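Here the structure comes first, spelled out in structure tokens, and everything after it is commentary.
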């Protein structure tokens, strides 16, 4: 950045490179017209010069004169400064420095005389003048600093001074920001926001997708120089993908930058302290004192941390105690290190002697343990080679976290334990099996249960009963009612030593079992009559064992019967209570939201319900098989309603692969029936042949399950019978089909599954119409309408048959029709119109979770907000960054808290950081499972 050396040449700094236009910052700079000074203060690499270059282009377009002076390029001495300043201003107008040259003489007032002459020349020039002084931190002479201060103080209205510095300005400007004469932009202002990082990386790496760009943004925390180095590393590797695009820190591309621009600015003590702290993902001043030793106190460590935080090397960590109030003493705060700085420091740490590293990890384990920070304590115990301590901490911590409903923390805690340690501790092996179940690793969970059952003496009776309970929950997840029935004798005979933990779970498992046997009143009686679950005297509400999940199952029992009004009331009550209780009831809230999908489907149709899945739930892998099935069908029917038949069939094919993999045959049978319906809706022999292939697969499923109990819900036998009926109607075998419809409908009525009976009655009405029996057809339609009105069914009636709407309209034309029934028909027609009149685009079908990443549970907007929380941005800045209202940000935050089982904005960042650090062994620690 060289100042102009020839009079009459503008002192414009140019460089042939593409620059990102940061419109938000440019608008703030452009709004500085009434100010005397702009200060850009941030360490090297924050894009100060790039921002000024971009602004320079706008200033030139606005006919402003620009003089640019870089103090780092000037030789020492006041004369060089004075000459360069006058030369730069002469590049705008040679008349500006004329008076200064004429009155120059070496005395004590020379510098002030120079400034006065220059400001008079600038005032006489008339047009706007912007004087940019870069690298102000290099100014050593008191005379030079005095001149800069006077330029601001004496500035005429058409002069704006812009000072860029890597440190605090070495002078007092005499005008505070409060007086609105100085605009200050610091580290936090100059960081790239997530959208800016995506734009910048997209400009340099056109093939990079947004998810990879977001991962790089998280690693760099928006430092422009680090973003540039990251993009260069990704481009340099060409065929080999950089780990940075997966959010994995790689020190190699950034080591030179930190060694050249960061470490020289630190004292030896600060560098040693940071190297110690790099072994931890978060730290406080007291923890630093423990790690460093040598008599350092928390106050001394706080004093060393404070300037590092101002430099952007440290950020407030979302682990208690966190103080947002600046008045809270520094030693009470927790911090995390810039991830790329930490990766470079870990290389230094790995070069320490092994004994020193082990000692530091052991100290960190003890410090975190005394603070109740279990995850960190376990990680450092493993890094110190103390597996027994790690196992003990993990086991006790898992129990406490699980009871509190903090499942994601439980999973993160136990994932750290290696397979050998788990194999030597049966109780820990049981907890790992719980994690595998919660993480939908059903095959792994089944193998873990099998190994534990093969060691009958390894578990105490209480823990063995917990194993029975886990086996029951696995059977529920696998939709394996036969296995659940086999386990029932064990479940009904808890040992005297069975603890409250297992007995609480027993209550909900029994409710589920009765529900799936069609014993709805018995299922509800368990929740109504048995005492609410308690552990250590505290009520259990939000976990899978809690009372709220039990109430969800009560609502589900009414929904299966077809009583949608009752089911909705219960779901709404549970959801309100879960949201009031907060993140510890996240599982109950998520299950309730999944069950509400069916209510939305009935009242507003598949498009609205599918959009709810996309925006609120993210995936359609439910907590229980019934919610999985409902979300699969709703998402698919949204595709059908939008006329996307091919996409609907592809979605069912993908879903079928998932269900076959996990052996969920009952749910698979329902999906195959839906597939058969779509295939028959496509006229022609090809559709009929495909439907017959689907029926053959259904018959094969039925052959695998010949002995299903008569009371089991949605028996595969019933589903196969419905498919046979649809094929018979398609083939014109109307009378046999009508008889089978009547028999199956009567069966459903006797079981209390009235919604399915409504569907079959309308299908029978269509058969009657095709047989020419108009009066009988209308009678069946009216019967279905009365029952549907009583139960609150709208979409079920509309979707019972492709010709259902026409049948309902025909029945609506009946003379002296009951007005209540007539109005109900109008509501059905309005629902049909909302789906066909506007041809609304269906939301994309959600995918099953194929990894353990928490962010897969979030919508795109929620993921953006969660990523901004990692930067500790307040709600107002998040709203500003994403162009949202403050209320919209708060709404999204509430959904994020519930989905991620988080207790606040800090906990959200903590969950995501755990995910990013899952494979991080703290420099030399062992990798988790």
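Residue numbers (my numbering): 9 to 937. All C-beta atoms in this analysis are idealised placements derived from N, C-alpha and C, irrespective of residue type, glycine included. Since this is a predicted model, take the numbers as computed values, not measurements.
query, result
"The segment 97-109 touching the segment 158-170, judged by at least three CB pairs closer than 8 Å", "no"
"Residue ranges of each beta strand (DSSP E) within the segment 276-301, 3 or longer", "none"
"Contacts around residue 847, its chain only, beta-carbon distance under 8 Å, and the 5 residues preceding and following it disregarded", "With a pLDDT of 49 at residue 847, under the threshold of 50, the modelled position of this residue cannot be trusted; read the value that follows with caution. Taken in chain order, the residues that qualify are 650, 651."
"Inter-residue Cα distance where the pair is residue 667 and residue 199", "46 Å"
"Residue 296 at chain D interface by Cβ criterion, 8 Å", "Going by chain labels, chain D is absent from the structure shown, which holds only one protein chain."
"Runs of alpha helix (DSSP H) lying entirely within the segment 614-667, each at least 4 residues, in chain order", "614-620, 633-649"
"Three-pair Cβ contact test at 8 Å for the segment 76-87 versus the segment 292-305", "no"
"Backbone secondary structure at residue 173 - three-state DSSP", "strand"
"Neighbourhood of residue 522 by C-beta distance below 6 Å, restricted to the same chain and skipping five residues each side", "530, 531"
"Within 8 Å, strictly: CB atoms of residue 352 and residue 263", "yes"
"Alpha-carbon to alpha-carbon, residue 563 and residue 713", "28 Å"
"Distance between residue 838 and residue 950 (C-alpha atoms, nearest Å)", "Only positions 9 to 937 of the chain appear in this structure, which leaves residue 950 out of reach."
"DSSP-derived helix/strand/coil call for residue 324", "strand"
"Top-ranked residue by Cα proximity to residue 261, from 193, 349, 404", "349"
"Chain-order list of residues whose beta-carbon lies under 8 Å from that of residue 397 (same chain, five-residue window excluded)", "373, 389"
"Residues near residue 251 by beta carbon distance below 7 Å, same chain, minus five either side", "258"
"Through-space distance from residue 375 to residue 505, alpha-carbon basis", "35 Å"
"Continuous beta strand (DSSP E) stretch holding residue 73: start and end", "73-78"
"Contact set for residue 104: own chain, Cβ-Cβ below 7 Å, skip 5 residues either direction", "97, 98, 126, 129, 130, 133"
"CB of residue 646 within 8 Å of CB of residue 604, strictly", "no"
"Closest residue to residue 318 among 239, 472, 274, 72 (Cα-Cα distance)", "274"
"Reference residue 479, options 750, 496, 644, 811, closest by Cα", "496"
"For residue 168 and residue 46, believed in contact at Cβ under 8 Å, the rounded distance", "7 Å"
"Beta carbon of residue 453 nearer than 8 Å to that of residue 466", "no"
"Residue 576 and residue 607 closer than 8 Å at C-beta", "yes"
"Coarse secondary structure for residue 377, derived from DSSP in three states", "helix"
"Distance, residue 193 Cα to residue 897 Cα", "25 Å"
"CA-to-CA distance, residue 595 to residue 279, given in whole angstroms", "44 Å"
"Residue 468 - DSSP class collapsed to helix/strand/coil", "coil"
"Cα-Cα separation, residue 917 to residue 678", "39 Å"
"Nearest to residue 567 (by Cα), restricted to the options 208, 635, 541", "635"
"Length of the line joining the Cα atoms of residue 347 and residue 726", "57 Å"
"Chain-order list of residues whose beta-carbon lies under 8 Å from that of residue 123 (same chain, five-residue window excluded)", "155, 158, 159, 162"
"Which of helix, strand or coil DSSP assigns to residue 507", "coil"
"Sequence-distant residues of the same chain with beta carbon closer than 6 Å to residue 913, five excluded per side", "877"
"DSSP three-state assignment for residue 426, whether helix, strand or coil", "coil"
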